[in-house]
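First the structure, in the form of structure tokens, and then the observations on it.
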Amino acid sequence: MAVHCKLDMLLRYSLLFLLLLAGARACGWVTVNSPTTRLGSTVTASCTIQSNRCSGLEAEEIQITWRLDSEPMSGSQHTSIAGAVISNLTISHFNRTRAKLWCYVMWNGTPQRINMTEIQAGYPPSKPGNLTCMMNLSENSLTCQWDPGLDGYLPASVALKSSKSRGQCEVSQETIPDCIPQGSQNYCTIPRRFLQLYQKMDIWVSVQNALGTAESEHLCIDPTDVAKLDPPVLKSIQSVPFQTDCISVAWEIAHTSSHIEQQCELRYRTHEDRGWTLVPDIVSPNMKTQHCGFLFGTDYLLQMHCRRITARGYWSEWSPEWNFTTHEKAPVGKLDVWWKMKAVDMGKRVEIQLLWKALKQNETNGRILGYWVSLTPRRRTGELTALCNTTKTQCNFSVLAGVRRVYLAAYNSAGESTATEVIFLEQKGQPLARIQAFPCDEHSLWLQWEAPRAPATGYILEWRQMSLPWPASHNVSWQVERNRRATKALIRENIEPFQLYNISVYPLYVDTVGRPLHTTAYSKEKAPSCAPKLHLKSISKSHAELSWDPVPIEMQNGFITNYTIFWVSTSGHEHCAVVNSSFTALTIRGLVSSRMYKVHIMASTAAGSTNSTTLTLATTALDETEIQYLLLCFGLFCVLLIALIICFQKNRRVKNQFWPSVPDPANSSLGKWVPADLRQETLQTAGGREPGLVTISDVTVLEKGAEKKSPLWGKKDPIPTASGNFPALPKSYIHPNDSGLPSGSRAPLEARLGSYMNDAGAVQYAKVVADGYRGQQQPIPSPLYVRSNSTQPLLSELTPSPKPYENLWFHGALEAGLHCQSFQEDSAFLEEPLIDFPLLQGLKIDGAEDLHDFQRF
Amino acid sequence: PCWCVQLWLPAATLEFSGDQDFQQFLQKDLEYIRKIKGDVAQLQQLMCTTFQLCSEEELMLVKQKLGISQAPLDQCHSKTFQDACFSQIRDGLQIYHGHLSLLLQLLPAHSSTVDNLRLDASNLSTNIQQQMEDLGLNTVTYPKTEGQGMLPSLLSDFDKQAGGFIILANFQRFLETALRALRHLTLL
Numbered sequence: 001m002a003v004h005c006k007l008d009m010l011l012r013y014s015l016l017f018l019l020l021l022a023g024a025r026a027c028g029w030v031t032v033n034s035p036t037t038r039l040g041s042t043v044t045a046s047c048t049i050q051s052n053r054c055s056g057l058e059a060e061e062i063q064i065t066w067r068l069d070s071e072p073m074s075g076s077q078h079t080s081i082a083g084a085v086i087s088n089l090t091i092s093h094f095n096r097t098r099a100k101l102w103c104y105v106m107w108n109g110t111p112q113r114i115n116m117t118e119i120q121a122g123y124p125p126s127k128p129g130n131l132t133c134m135m136n137l138s139e140n141s142l143t144c145q146w147d148p149g150l151d152g153y154l155p156a157s158v159a160l161k162s163s164k165s166r167g168q169c170e171v172s173q174e175t176i177p178d179c180i181p182q183g184s185q186n187y188c189t190i191p192r193r194f195l196q197l198y199q200k201m202d203i204w205v206s207v208q209n210a211l212g213t214a215e216s217e218h219l220c221i222d223p224t225d226v227a228k229l230d231p232p233v234l235k236s237i238q239s240v241p242f243q244t245d246c247i248s249v250a251w252e253i254a255h256t257s258s259h260i261e262q263q264c265e266l267r268y269r270t271h272e273d274r275g276w277t278l279v280p281d282i283v284s285p286n287m288k289t290q291h292c293g294f295l296f297g298t299d300y301l302l303q304m305h306c307r308r309i310t311a312r313g314y315w316s317e318w319s320p321e322w323n324f325t326t327h328e329k330a331p332v333g334k335l336d337v338w339w340k341m342k343a344v345d346m347g348k349r350v351e352i353q354l355l356w357k358a359l360k361q362n363e364t365n366g367r368i369l370g371y372w373v374s375l376t377p378r379r380r381t382g383e384l385t386a387l388c389n390t391t392k393t394q395c396n397f398s399v400l401a402g403v404r405r406v407y408l409a410a411y412n413s414a415g416e417s418t419a420t421e422v423i424f425l426e427q428k429g430q431p432l433a434r435i436q437a438f439p440c441d442e443h444s445l446w447l448q449w450e451a452p453r454a455p456a457t458g459y460i461l462e463w464r465q466m467s468l469p470w471p472a473s474h475n476v477s478w479q480v481e482r483n484r485r486a487t488k489a490l491i492r493e494n495i496e497p498f499q500l501y502n503i504s505v506y507p508l509y510v511d512t513v514g515r516p517l518h519t520t521a522y523s524k525e526k527a528p529s530c531a532p533k534l535h536l537k538s539i540s541k542s543h544a545e546l547s548w549d550p551v552p553i554e555m556q557n558g559f560i561t562n563y564t565i566f567w568v569s570t571s572g573h574e575h576c577a578v579v580n581s582s583f584t585a586l587t588i589r590g591l592v593s594s595r596m597y598k599v600h601i602m603a604s605t606a607a608g609s610t611n612s613t614t615l616t617l618a619t620t621a622l623d624e625t626e627i628q629y630l631l632l633c634f635g636l637f638c639v640l641l642i643a644l645i646i647c648f649q650k651n652r653r654v655k656n657q658f659w660p661s662v663p664d665p666a667n668s669s670l671g672k673w674v675p676a677d678l679r680q681e682t683l684q685t686a687g688g689r690e691p692g693l694v695t696i697s698d699v700t701v702l703e704k705g706a707e708k709k710s711p712l713w714g715k716k717d718p719i720p721t722a723s724g725n726f727p728a729l730p731k732s733y734i735h736p737n738d739s740g741l742p743s744g745s746r747a748p749l750e751a752r753l754g755s756y757m758n759d760a761g762a763v764q765y766a767k768v769v770a771d772g773y774r775g776q777q778q779p780i781p782s783p784l785y786v787r788s789n790s791t792q793p794l795l796s797e798l799t800p801s802p803k804p805y806e807n808l809w810f811h812g813a814l815e816a817g818l819h820c821q822s823f824q825e826d827s828a829f830l831e832e833p834l835i836d837f838p839l840l841q842g843l844k845i846d847g848a849e850d851l852h853d854f855q856r857f
Numbered sequence: 001p002c003w004c005v006q007l008w009l010p011a012a013t014l015e016f017s018g019d020q021d022f023q024q025f026l027q028k029d030l031e032y033i034r035k036i037k038g039d040v041a042q043l044q045q046l047m048c049t050t051f052q053l054c055s056e057e058e059l060m061l062v063k064q065k066l067g068i069s070q071a072p073l074d075q076c077h078s079k080t081f082q083d084a085c086f087s088q089i090r091d092g093l094q095i096y097h098g099h100l101s102l103l104l105q106l107l108p109a110h111s112s113t114v115d116n117l118r119l120d121a122s123n124l125s126t127n128i129q130q131q132m133e134d135l136g137l138n139t140v141t142y143p144k145t146e147g148q149g150m151l152p153s154l155l156s157d158f159d160k161q162a163g164g165f166i167i168l169a170n171f172q173r174f175l176e177t178a179l180r181a182l183r184h185l186t187l188l
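Chains A and B, in that order, are what the protein sequence lines are. Numbering follows UniProt numbering, in which position 774 of the first sequence is assigned residue number 774; successive positions increment by one, without gaps. Numbering follows UniProt numbering, in which position 144 of the second sequence is assigned residue number 144; successive positions increment by one, without gaps.
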């Protein structure tokens, strides 16, 4: 024993020596007041450098620096009496859960790591809560779990502690080894060998870290009181006694819990049911129970679970499901019926569509195999008496017109229901005062009505989807409201959103059926699927008439509240007009003529709007009536013109009426001034008509007149090219055979004449043409009427009383004659006055020269 | 043989039968005994399937030869000494806790079942002791007769197997008697 003690001492000293030796040989070391601290607290550290033990630092000036992880820190440095350089560091608010504190010394300009210490920070463990335990009877082990509470950020040891106790755990009998949870699990299982069954145990959780210890509330339990039983197993289910709605259930409990008196619960449901029906508090030592109230001929699912009858504990899991079908019984109850009648065969027979509702689940007493309709209440053998035998809930048949009632019954494998008498009452009763439908949700509608004055026994609500194509639209949905005081009902069968329903309500009276009242409704609306297509019916310069087809019912998706027509001109001005849904046409007024417009229509429901495609239209320049008036005026003008021409041609007196005879200048004193040679020539020219009658004595005065004319011409036609044609006028006149006039000159001439004629434009009229004018000395024309495009000035444009030598008409006429070679009637027409006015003739000759001069401009 | 009686509290016999704590105590014991009975029956079944030892009647001679006696419960037949009955149950459970160790050798594959059964016997014994103390019953320590509670040396395998079977049969009977006695107390 003494030897052993000495050996132990020796070992201890050796270890201490080695540690001291290691410390003594170190170059520098870091100490910290507490390597594990509370987050946010102050940490102080010091780094000591023994430069004489640091090779390479002996001659250097020691400069200690700090880093917390990579963050530089500044400490206060001093040298101890022993020669060691010490740097002290204070970190006032340490907020890292884990960090390395490094001590550096500067050497050759580079900080060298000398030593390091690791610091951890966190909080003391928080108190674990919500400790619960459950015993597993298969393994007889106790599993406890808890809520670990807040993280202390420090490594913590968690243990589930327990002790065998007495009474209410006031006295601890025997401490049990701790149960250590694996990893970070917050539960632990105490095996059987450490448990004291049927005796209280004290159980708690302890959490410990470097900053402290925390314990949960203590749990004082008998492990068997918190046992979770293994689920029972259903063994048999049968209907007892036969033909009742009661069943007997037998089960077995798991052998692991067979010693425990148990309280069980049975639950059942049909396949259609969502929730379970619970039969609670089943305590039966012989593990059998009986329960009533099941539906006949119905498939049921049954399950059972149990727990300790004393101290309760935990419910077991539910047993596996057991399927059981109760036996069938003849259906019971009265069927709700409705009918549609139509007289056929000249009123001798009636076609009836009989509709009925399926029996309620608690009335079918099994699976309904079918329905029969008969003229008699009892079903006889054979199918002949049955008008219908169907599995559907409607049937069509025809009966003699006098038949007023039929009988309807449902049947299953166990029998048939009491027949329902259907009396076909006439629809002549008082209708409802008012009905209104409004949506409840997407698949249901509320129907509200005002009760009729006569007491009703019930109401039939009937509805059909309007957009369905035939024959689907023929099928109606319906329901009965048996409450005579009801003024509203919810309809939910075959109701789809965005579909229009036509709903009718028929009040039922004791001996008659009321006439129906109808309404329409949507369960939900949205914008129409399409907008109508616009058609242009007519358009003028200021208005356009548009039309459209209403949106088809299946596309409406709601009640069309209005249509909005938008039109935008090319200038960007947008206009719109709103019309209600009954409109299918609209006339847009106030449009600007000769302009493009883009038009579209928007169909709106309460839930949205849809735009159509755009229609582009262009307004006209003139109205139809304006065009008509214009054409009419033009026609009248033409007629008038033709009439005038004919008149002039036929009756010289008329001409004289407009152009009275002008005194003959040949007989004036002026004629004596005409030089002899010129007069000779003139007379030769005019001789063919009235030889020796005219003498032009002098032209000097006219030279002045020609000078006066030039500016007038120039004013009339400022176009230089046009002036080039004027010299041709006298040339042509004097040398009628000369056809040297360039044909290209016609167009400018026309342009000039056009301007002269102002707004009248080119007017077609009849002319008298004389053939062979150019080649003949005889100027007498042979009259011929042809259409011409001549632009001769209208008579109306003439100056009321032109001076003889300034009469522009003559020039125009002459030019017209030049302009068209076949225009000889003008020449013929003109020749006469020219002969009558020898002075003018001289002016022409002289004027031609002037015009030649003028041409040079 | 001498036997001594340790008096904890003034004697209370049947007066406490109506007491709620006592009834609770009885109910727990009854349930525990039922549990142990079930586990013993399970082991008997194992003995039957493992060693073809299924009927005690065939082992009467061996039983005599081995001298494995049943733990006494004679006090439980008396209506006057209820506390002595509890004491006998407590002691008997301790005896069977010891005897059942034989089964650990016989049924190593089911050692956890045997261990649990032994723990149950031990726990129930402890519970009864504690409950008697809590309820202030007289706890009686009976002097052990010579060889009582000690298993005779079983040399052959057959002796061991037969011994195991007899122990389970004795234990089952013991539990049955205890159950009847305690159930009787609940009715008083």
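Backbone N, C-alpha and C fix where the C-beta goes; we use that ideal spot for every residue, glycine too.
Check                                                                                                                                                                                     : Outcome
Can you tell me whether Val105 of chain A is buried or exposed, with buried defined as 16 or more other CB within 10 angstroms of its CB?                                                 : buried
Is the beta carbon of Tyr371 of chain A less than 8 Å from the beta carbon of Ala410 of chain A?                                                                                          : yes
I'd like to check one pair, Arg482 of chain A with Ala456 of chain A: are the Cβ atoms closer than 8 Å?                                                                                   : no
Helix or strand or just coil, what does DSSP make of Ile62 of chain A?                                                                                                                    : coil
Rounded to whole angstroms, what's the CA-CA distance from Gly293 of chain A to Thr143 of chain A? Just pull it up for me.                                                                : 41 Å
Are the region 518 to 531 of chain A and the region 357 to 373 of chain A touching, with three or more C-beta to C-beta distances below 8 Å?                                              : no
What does the alpha-carbon distance come out to for the pair Thr613 of chain A and His600 of chain A?                                                                                     : 6 Å
So, at 7 Å on beta carbons, what are the nonlocal neighbours of Leu617 of chain A in its own chain, with the 5 sequence-adjacent residues on each side left out?                          : Leu536, Ile539, Ala544, Tyr597 and Val599
From which residue to which residue does the alpha helix (DSSP H) around Asn127 of chain B run?                                                                                           : Ser111 to Leu135
Straight-line CA distance for Asn502 of chain A to Glu525 of chain A?                                                                                                                     : 15 Å
Ignore the nearest five residues each way along the sequence and tell me which others in Asp83 of chain B's own chain have a CB closer than 6 Å to its CB.                                : Leu137 and Asn138
What residues in the region 192 to 211 of chain A bring their beta carbon closer than 7 Å to a beta carbon of chain B?                                                                    : Arg192, Arg193, Gln196, Leu197, Tyr198 and Gln199
Just to confirm before moving on: does the CB-CB distance between Ile91 of chain A and Thr31 of chain A stay below 8 Å?                                                                   : no
Which value, in whole angstroms, describes the spacing of the CA atoms of Thr682 of chain A and Glu624 of chain A?                                                                        : Confidence is the limiting factor: at Thr682 of chain A the pLDDT is only 48, short of 50, which leaves the residue's position unreliable, though a coordinate-based value still follows. In a straight line, the C-alpha of Thr682 of chain A is about 58 Å away from that of Glu624 of chain A.
With Leu375 of chain A and Val403 of chain A assumed to form a contact (beta carbons below 8 Å), what rounded beta-carbon distance in angstroms separates them?                           : 7 Å
At a Cβ cut of 7 Å, what residues of the region 17 to 37 of chain B count as close to chain A, listed as they run along the chain?                                                        : Gln27, Lys28, Glu31, Tyr32, Arg34 and Lys35
For Asn116 of chain B and Asn136 of chain A, which I take to be in contact (beta-carbon distance under 8 Å), what is that distance rounded to the nearest angstrom?                       : 13 Å between Cβ atoms; not a contact.
I need the straight-line Cα distance from Pro191 of chain A to Leu103 of chain B, nearest angstrom please.                                                                                : 21 Å
Thinking C-alpha only, which one of B:Gln64, B:Asn170, B:Leu43 and B:Arg183 is nearest Pro108 of chain B?                                                                                 : B:Leu43
Given a threshold of 16 other Cβ atoms within 10 Å of its Cβ, counted over all protein chains shown, does Ser165 of chain A qualify as buried or as exposed?                              : buried
In or out: Phe171 of chain B buried (at least 16 other Cβ within 10 Å) or exposed?                                                                                                        : buried
Once the 5 residues before and after Leu106 of chain B are set aside, which same chain residues still bring their CB inside 7 Å of it?                                                    : Lys160, Gln161 and Gly164
Distance check for Ser604 of chain A and Val579 of chain A, CA to CA, integer angstroms please.                                                                                           : 11 Å
Comparing the C-beta of Leu119 of chain B with each C-beta of chain A, is any distance below 8 Å?                                                                                         : yes
DSSP beta-bridge partners for Ser153 of chain B?                                                                                                                                          : DSSP, once it has assigned bridges, lists no residue as partnering Ser153 of chain B.
Are at least three pairs of beta-carbons, each pair with one atom in the region 252 to 265 of chain A and one in the region 201 to 220 of chain A, less than 8 Å apart?                   : no
Counting only beta-carbon separations shorter than 8 Å, does Gln130 of chain B have a partner in chain A?                                                                                 : yes
Mind listing, in chain order, the continuous beta strand (DSSP E) runs of no fewer than 3 residues lying wholly within the UniProt domain "Fibronectin type-III" (231 to 329) of chain A? : 233 to 239, 247 to 252, 262 to 270, 277 to 282, 288 to 291, 299 to 308 and 322 to 325
Helix, strand or coil for Cys530 of chain A? Go by DSSP, reduced to three states.                                                                                                         : coil
So, are the CB atoms of Ala159 of chain A and Cys179 of chain A less than 8 Å apart?                                                                                                      : yes
According to DSSP, is Leu712 of chain A helix, strand or coil?                                                                                                                            : Low local confidence applies: a pLDDT of 41 at Leu712 of chain A is under 50, so the model's placement there is unreliable, with the coordinate-based value given in what follows. In this structure, Leu712 of chain A counts as helix in the three-state DSSP scheme.
In the DSSP assignment, find the alpha helix (DSSP H) that holds Leu640 of chain A and state where it starts and stops.                                                                   : Glu624 to Lys650
Under 8 Å between C-beta atoms, does Gly167 of chain A make it to chain D?                                                                                                                : Structure shown: chain D not included; protein chains present are A and B.
Report the rounded CA-to-CA distance for Leu26 of chain B versus Ser157 of chain A, giving the unit in angstroms.                                                                         : 41 Å
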